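Everything on this sheet refers to the single structure shown next.
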Amino acid sequence: MKTKFRHLLSIAACVLVPCLLVFATPAYAGDTETYLQAKQAYQTKNLPLLTESLETLKQRKSPLAPYLQYWQMILTMDQLSYYQVQAFLQENNESLLSQRVRELWLKRLGRVQFWDQFVEIRAQIPNYYSLNDTGNQCFQVQAGIALDDPIAYEDGKTLLLSGKELPADCQGMLEALQQVGVLDENLLLTVYRNALFANKPGLAKVLAKRSRKTDATLLKQIDEVAQNPALVLKKNNVQDKSAYGRALYLFAIHRQAKADIALAQTSYQKYSGLLSNEERQLIQAYIALESARKHEPEAVRAFAKVEPAILNNEQWEWYARSALREQDWNTLLKIINSMPNALSEEQTWRYWKARALKTKGQAPEANLLLAKLSQERHFYGWLSAEELGPVAGEPLATYQPADDEVRQFARLASIKRIEALFDADARYEARLEWMYLLEGLDDSSRIVAAQYALLKGWYDLTVLAADKTSRTHNFELRYPTPYRDYLQKASKARAIDEAWVYGIIRQESRFMHYAKSSVGAGGLMQVMPATAKWIAKKLGWSSYSDAMLHDIDTNVNLGTYYMRYTLDTFNGQEAMATAAYNAGPSRARRWAANVPLEGAIYAETIPFSETRNYVKKVLANAHMYAPRLGLPVITLKKRLGTIPARNSGAVADAESVITTITITDQE
63 MKTKFRHLLS
73 IAACVLVPCL
83 LVFATPAYAG
93 DTETYLQAKQ
103 AYQTKNLPLL
113 TESLETLKQR
123 KSPLAPYLQY
133 WQMILTMDQL
143 SYYQVQAFLQ
153 ENNESLLSQR
163 VRELWLKRLG
173 RVQFWDQFVE
183 IRAQIPNYYS
193 LNDTGNQCFQ
203 VQAGIALDDP
213 IAYEDGKTLL
223 LSGKELPADC
233 QGMLEALQQV
243 GVLDENLLLT
253 VYRNALFANK
263 PGLAKVLAKR
273 SRKTDATLLK
283 QIDEVAQNPA
293 LVLKKNNVQD
303 KSAYGRALYL
313 FAIHRQAKAD
323 IALAQTSYQK
333 YSGLLSNEER
343 QLIQAYIALE
353 SARKHEPEAV
363 RAFAKVEPAI
373 LNNEQWEWYA
383 RSALREQDWN
393 TLLKIINSMP
403 NALSEEQTWR
413 YWKARALKTK
423 GQAPEANLLL
433 AKLSQERHFY
443 GWLSAEELGP
453 VAGEPLATYQ
463 PADDEVRQFA
473 RLASIKRIEA
483 LFDADARYEA
493 RLEWMYLLEG
503 LDDSSRIVAA
513 QYALLKGWYD
523 LTVLAADKTS
533 RTHNFELRYP
543 TPYRDYLQKA
553 SKARAIDEAW
563 VYGIIRQESR
573 FMHYAKSSVG
583 AGGLMQVMPA
593 TAKWIAKKLG
603 WSSYSDAMLH
613 DIDTNVNLGT
623 YYMRYTLDTF
633 NGQEAMATAA
643 YNAGPSRARR
653 WAANVPLEGA
663 IYAETIPFSE
673 TRNYVKKVLA
683 NAHMYAPRLG
693 LPVITLKKRL
703 GTIPARNSGA
713 VADAESVITT
723 ITITDQE
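Here my numbering = 1-based position in the sequence shown + 62.
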């Protein structure tokens, strides 16, 4: 079956001649000014100016014209006809904008309850494009119920249990689900509790209002518990005769457990007499979860007291991590075997199950798991291959695109539009268009896309494309090596592994030197401004300013200085230094155990999901970059090393510096 890209190539009109693979400067560079003028007109709702700009770009046949038309449609959505929408969709069928317009139109249809048209338009959206707007997801369920589609009942239940915030557009779905008996009191109480435990008091209030067993006093108490759980527990004035009220006690105790396990246990003992057995089990599971995140040794025993049916996926994972942290392989194996099937089949738990089986002398069964994992391209895939040793496996399929394929790819209308967006400095929109394009491609076509992006200097898009392949790969494109002069020079000056530097940058910025995170970190190495000033002071740079953070040479010097600093702080231990680069030295030290710990176990039991995934990905990147850079190959297991005991004296004191992450209340 042809992919969208293959089909487009088959109809692309082009003449191929032997020549160097170069791309001409786009002829639409002059459209940028008109595009930016139109964007401002859209933002200020200046429809006449927006319309004038649209006509200008239409006359020039600019690839940016659909964006202006899209903005115009947003401002006039209530006046649009079905036929005007369909005309835009047909004209821009291969564009991300076609799906955005469908989502806008679906929302309008849902609000006026034109369910037949809603279903018709929804069916036009490709399977690979997710309907991410929660309001439209609710309308889809409501449409199904209205048209007597039984699948909608289960979809509605799944959506409620997902824990997503429910906007005003979801009220109709909630009403419909209640009328057909799907959203009964049991399900309503469950999703209400889930919302509280996810620290979403607004969602909890939306759900509580739909119950016949709540009142205005309880709604007020939800806000009070969210603002000050300790004070509410001290006052002891929650409605304990209602399951909704008692859930507030559970919420408050859970919030306490995040800060102080002992205090939460005391509160639990004080209020346990008010709770049902199920409620006691629920709060014990959450206290066990927070104990596990804090690496408390009693976490395994705490989880063992909870009925397995009570545990959610997050709790199962931390139950397993607690056993792993204690290196209790027998218990770990029992936990993984008891997990929900979908969870136990994830790469993490297949690997640790294999390791547990090996400790029990069940090597053949372990090796079957490892052999399959070793063919997968991720952290645990590399570790599995090392566990197996020099065993011949299925060779990896690779693909090297031909110049002709790349030239044809460059002629696609979607690529012309992405080029124009880059010219207009609309990088965010260009990236979204790129991601949408990739969804419809097969592996070899994604590699062609990656090659094109590399030639354009779009390194982040190169990685995005090459990373999405599943069976056929190109690791030169997946792990590109731009800015080698800067990185090689800085790595030698700091005496640190250049492969590790590339691993950090690939994870931090995907080589976007202009990148800036939501918390202010900037440049290739995503250095925080405050950290940059601290380093600049250490280096004696008297003229440093924040404006220099996006200069490649400056940024690399700052980032590699901090890498050297964290490496020295942790006595050359790369896994801890990587954790420190993301979350700070004090946290990285705190996550060490009282005994030496295998580096992979340390990485897997980091409490913050962002840092846990960050460490795995950075070190896997470094593992892959070493041979790309012609450096000595170090096994991933050796790179992870052994983490010294927390109080062993092997870790130096570190100054407090601002890190690159923001820790959420969930963690």
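A virtual CB, placed ideally from N, CA and C, is assigned to each residue, including glycine. Remember, it's a predicted structure, so these values are computed and weren't measured experimentally.
Beta carbon proximity, residue i to chain D, threshold 8 Å
{"i": "L281", "result": "Absent from the structure is chain D; it holds one protein chain and no more."}
Residues bridged to residue i [DSSP beta-bridge criterion]
{"i": "I705", "result": "L659"}
{"i": "H535", "result": "T460"}
Buried/exposed call for residue i, threshold 16 Cβ in 10 Å
{"i": "K282", "result": "exposed"}
{"i": "E495", "result": "buried"}
{"i": "G335", "result": "exposed"}
{"i": "T410", "result": "buried"}
{"i": "K422", "result": "exposed"}
{"i": "K678", "result": "buried"}
{"i": "L279", "result": "Per the sequence shown, the amino acid found at residue 279 is Thr instead of Leu. The residue in question, T279, is exposed, as its Cβ has fewer than 16 Cβ neighbours within 10 Å."}
{"i": "G661", "result": "buried"}
{"i": "A454", "result": "Reliability of the predicted coordinates at A454 is poor, the pLDDT of 46 falling under 50, and the value obtained from them is presented with this limitation in mind. Exposed, by the Cβ-count rule."}
{"i": "Y521", "result": "buried"}
{"i": "L681", "result": "buried"}
{"i": "P125", "result": "buried"}
{"i": "P689", "result": "exposed"}
{"i": "R363", "result": "exposed"}
{"i": "V695", "result": "exposed"}
{"i": "N644", "result": "buried"}
{"i": "E369", "result": "exposed"}
{"i": "T106", "result": "exposed"}
{"i": "A382", "result": "buried"}
Three-state secondary structure assigned by DSSP to residue i
{"i": "A459", "result": "strand"}
{"i": "G584", "result": "strand"}
{"i": "K296", "result": "helix"}
{"i": "A454", "result": "For A454, the predicted model reports a pLDDT of 46, less than 50, meaning its position is unreliable and no value from the coordinates is stated."}
{"i": "H685", "result": "helix"}
{"i": "K578", "result": "strand"}
{"i": "V242", "result": "coil"}
{"i": "V174", "result": "coil"}
{"i": "V589", "result": "strand"}
{"i": "S757", "result": "No answer is possible for residue 757: the residues shown for the chain start at 63 and end at 729."}
{"i": "G206", "result": "helix"}
{"i": "T106", "result": "coil"}
{"i": "R272", "result": "coil"}
{"i": "Y606", "result": "coil"}
{"i": "G307", "result": "helix"}
{"i": "H440", "result": "coil"}
{"i": "S446", "result": "helix"}
{"i": "Q424", "result": "coil"}
{"i": "A645", "result": "helix"}
{"i": "S710", "result": "coil"}
{"i": "S571", "result": "coil"}
{"i": "I696", "result": "coil"}
{"i": "P263", "result": "helix"}
{"i": "L691", "result": "coil"}
{"i": "L137", "result": "helix"}
{"i": "Q470", "result": "helix"}
{"i": "K101", "result": "helix"}
{"i": "D211", "result": "coil"}
Inter-residue CB distance, residue i and residue j (contact presumed, cutoff 8 Å)
{"i": "V268", "j": "L295", "result": "Going by Cβ atoms, the distance from V268 to L295 rounds to 24 Å, so no, they are not a contact pair."}
{"i": "G172", "j": "Q204", "result": "7 Å"}
{"i": "E247", "j": "S273", "result": "7 Å"}
{"i": "Y190", "j": "G502", "result": "6 Å"}
{"i": "R255", "j": "A309", "result": "5 Å"}
{"i": "L377", "j": "A425", "result": "Contrary to the premise, residue 377 reads as Gln rather than Leu in this sequence. Between A425 and Q377 the Cβ distance is about 31 Å, and since that is not below 8 Å, they are no contact."}
{"i": "M638", "j": "I558", "result": "So it is not a contact: roughly 14 Å between Cβ atoms."}
{"i": "L405", "j": "W380", "result": "Going by Cβ atoms, the distance from L405 to W380 rounds to 12 Å, so no, they are not a contact pair."}
{"i": "S579", "j": "Q588", "result": "6 Å"}
{"i": "A528", "j": "L539", "result": "4 Å"}
{"i": "S553", "j": "T631", "result": "About 18 Å; that fails the 8 Å criterion."}
Proximity test, residue i beta-carbon vs the ligand PLP heavy atom, cut-off 7 Å
{"i": "I558", "result": "By its list of ligands, the structure shown contains no ligand whatsoever, and the ligand PLP lies outside what it can speak to."}
| field | Every unbroken alpha helix (DSSP H) inside the region 329 to 400 [4 residues or more] | value | Counting only runs of at least 4 residues, the region 329 to 400 fully encloses the following alpha helix (DSSP H) elements, listed from N- to C-terminal order: 339 to 355, 361 to 366, 375 to 387, 391 to 400.
| Which ranges does the alpha helix (DSSP H) cover as unbroken runs of at least 4 residues, wholly within the region 474 to 510, from first to last along the chain? | Counting only runs of 4+ residues, the alpha helix (DSSP H) found wholly inside the region 474 to 510 occupies 475 to 485, 489 to 501, in chain order.
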